[in-house]
Each structure stands twice: as C-alpha cells, then as structure tokens.
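Structure record follows, encoded as structure tokens.
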Amino acid sequence: MPLDLNMNVLVVDDFLTMRRILKNILKQVGFKKMEEAEDGAQALDMIKNADPPFDLIIADWNMPKMTGIELLKAIRADPELKHLPVIMVTAEAQKSRVLEAVQAGVSNYIVKPFTAETVKGKLEQVFK
Amino acid sequence: MDAQLINPFIKATLNVLETMAFIKAKPQKPFLKRDNVAKGDVSSVIGLSGESKGTISITFTEPCILSIVSNMFGETMSQINNEVIDAVGEIANMISGQARQVLEGKGKVLYAAVPTMIKGKDHTISHKTTAAIMAVPFKTEHGDFTIEVCFED
Numbered sequence: 001m002p003l004d005l006n007m008n009v010l011v012v013d014d015f016l017t018m019r020r021i022l023k024n025i026l027k028q029v030g031f032k033k034m035e036e037a038e039d040g041a042q043a044l045d046m047i048k049n050a051d052p053p054f055d056l057i058i059a060d061w062n063m064p065k066m067t068g069i070e071l072l073k074a075i076r077a078d079p080e081l082k083h084l085p086v087i088m089v090t091a092e093a094q095k096s097r098v099l100e101a102v103q104a105g106v107s108n109y110i111v112k113p114f115t116a117e118t119v120k121g122k123l124e125q126v127f128k
Numbered sequence: 001m002d003a004q005l006i007n008p009f010i011k012a013t014l015n016v017l018e019t020m021a022f023i024k025a026k027p028q029k030p031f032l033k034r035d036n037v038a039k040g041d042v043s044s045v046i047g048l049s050g051e052s053k054g055t056i057s058i059t060f061t062e063p064c065i066l067s068i069v070s071n072m073f074g075e076t077m078s079q080i081n082n083e084v085i086d087a088v089g090e091i092a093n094m095i096s097g098q099a100r101q102v103l104e105g106k107g108k109v110l111y112a113a114v115p116t117m118i119k120g121k122d123h124t125i126s127h128k129t130t131a132a133i134m135a136v137p138f139k140t141e142h143g144d145f146t147i148e149v150c151f152e153d
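Top to bottom, those sequences are chains A and B. Quick note: the first sequence uses the working numbering, first residue 1, plus one each step. Quick note: the second sequence uses the working numbering, first residue 1, plus one each step.
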C-alpha cells in the first residue's frame, strides 16, 4: 500500500507529550486526519468502531489498561484488522523487546528519542 | 553504588535533550546527595527493578524546563502546567529507556515502572532504597537541571 496523506491515523500513547510531538511530525509530513487514544484498550475500541476505518496505528509500548504489544497482538488476531499497519514508538530499546514486537507482527519500530526524519523514514519503509 | 552505573544515564540525558528539544546540556561534577530536597521546580522519578533495585530522577528549574518543552512542542510554554509536567515524565521515560538499553548490553537487565511527577519549590524526591544518591548537575543556556541515580549495591 503506498503512502497516502489522506490516511486516517490513530496515535496511541498515555503521555500527551508524545501524542502531541507525533501529531506535529505527522502534520509536517502532510497527514490531515489524526486521532488519539490514551491506552491500548481505548485504541482497540476506536479501531473496531472507526468509520471510515483507520489506515495506520502508531502506538507506545508501556501504557495502562492495555499495553502497545497487547494492542498489536489483538489487531493481528482479528481477521478484519490483521493487515492494519502498526508502528510502535517506544523507549523500550532492548533487543528482547524489539524481537517480541517483530514476532507479534509489528510493521516498524521507532525508539525514543527520535527525530522527525526518523519518523518520516520509518513511514516510507512501511508504505513503500 | 557502582559509579559506572551513572554514565549511561548522563549520556542518555544529553542525547534525549538534544534529539527531542535541540538543547545541548553540559554535565557538571557529580556529587553524593545527602538530603531529599529537589534542586528544581518540577521533577520526575522512575523506580527500576531487575538485577538491581533503584530509582532515577530528574529535576528541572522552571526556566530550563519551559525552554525544553517549548522546543519539543514548537510553541512557547510560559508556565509549569499539566502539559509541561507530562513532558517531564516523558523525558524521564526516554532517559530511562535509553540508559537501560546500554546497561542491558553490559549484562544488566533492568525494568522501569511508570514515571511519577512532582511540582513545587523545595519539593522532595523519595528514592526507593536507602543507598547513596549520586547527583549530576547539568547546565544549559536556559537554566539548570539535575539527575539523581540511586542503586542498591
């Protein structure tokens, strides 16, 4: 699927700081439709009920109620959602964590701290 | 406490502030901190567990954190509000993550709890253990901040 700036993007992070920084970067890239959720459970509910559906999920790892990795696994286990691109943005840079996310089917992985260029590059890799 | 444990936190602090806020900080001489009164106006504390038990904290003076968060958000922040306090937690989170990655590479696996944030003049920072507290002050052109690292031996 090529990168389309009219895509509907959901940014999931319990810290509003990171939601704000990511949305600023997505705006710079040219995205117009962005929503946000504070944890995985809220995100999953929004994803299942979205109309139009979300085209890209960008999620933190450590969150209350439902973590980012649990959200990713729930998306991949749902026949209706399993092809949805999910990028994880996390401070958890340990190899074991990256491996767990890859095995769960993550589309790409961004380690905090990051630059706007890093985010753009990872988006291009997902939608090449 | 093994003094080498503090170096990954110093490097992570410099990298997080330069990458996310375009601010170059200069670390000053580390010292052993004898009390629990914060040097700054707003702080975040993260408990660490795993192969060592400990705590890291970061405390910013008001002008320093307002400059940092203004740069992170791309808009001027003029007071320590909930958005600024939230950003202090996220900064601590990123420093913890990056330092733990380096420590894992040296065979020391640590897990981090969710950051807590504290605001106010002369607030206190409670470290999880009674071990010595190593403090490292930093200077920036916008003001000062201090990180504290406390690990059981």
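Even for Gly, the Cβ is constructed at its ideal location relative to N, Cα and C.
As the crow flies, the alpha-carbon of Val-88 of chain B is around 13 Å from that of Gln-79 of chain B.
DSSP, reduced to helix, strand and coil, places Lys-33 of chain A within a strand of the structure shown.
Looking at the DSSP output, Leu-22 of chain A shares a beta bridge with no other residue. One finds Phe-15, Leu-16 and Thr-17 in chain A with Cβ atoms closer than 8 Å to the Cβ of Asp-86 of chain B, taken in chain order. Ranked by how close their Cα comes to the Cα of Leu-14 of chain B, the residues B:Glu-152, B:Ile-58, B:Lys-53 and B:Thr-116 have B:Ile-58 in first place. The continuous beta strand (DSSP E) containing Asp-144 of chain B extends over residues 143-151. With a 10 Å radius around the Cβ and a threshold of 16 neighbouring Cβ atoms, His-83 of chain A comes out exposed. 7 Å or more divides the Cβ of Gly-50 of chain B from the Cβ of Phe-151 of chain B. Closest by C-alpha distance to Met-88 of chain A, out of A:Pro-2, A:Asn-62 and A:Pro-79, is A:Asn-62. Between the C-alpha atoms of Glu-35 of chain A and Ala-101 of chain A there is a straight-line separation of about 23 Å. Nearest C-alpha to Ile-75 of chain A among A:Ser-96, A:Ala-41, A:Leu-22 and A:Lys-65: A:Ala-41. Look at the region 117-141 of chain B: it has no residue with a C-beta under 8 Å from a C-beta of chain A. Within the DSSP bridge table, the entry for Thr-90 of chain A names A:Val-111 as partners.
The region 22-30 of chain B makes contact with the region 125-144 of chain B; the number of CB pairs closer than 8 Å reaches 3 or more. Nearest to Glu-62 of chain B by C-alpha distance, out of B:Met-72, B:Pro-115 and B:Asn-81, is B:Asn-81.
Just so you know, the alpha carbons of His-123 of chain B and Val-37 of chain B end up roughly 6 Å apart. Between Ile-58 of chain A and Ala-104 of chain A, the alpha-carbon positions lie close to 15 Å from each other.
Nearest neighbour of Val-45 of chain B by Cα position, chosen from B:Phe-60, B:Gly-74, B:Gly-105 and B:Leu-103, turns out to be B:Phe-60. Residue environment: Met-1 of chain A is assigned as exposed (fewer than 16 neighbouring CB atoms within 10 Å of its CB, all protein chains considered). For Phe-73 of chain B, the uninterrupted alpha helix (DSSP H) run begins and ends at 62-73, by DSSP. Chain-ordered, the chain B residues with CB closer than 8 Å to the CB of Thr-115 of chain A read Thr-19. Here Leu-110 of chain B is near Leu-48 of chain B, since their CB atoms are less than 7 Å apart.
The beta carbon of Val-102 of chain B is closer than 6 Å to those of Pro-8 in its chain, skipping five residues each way along the sequence.
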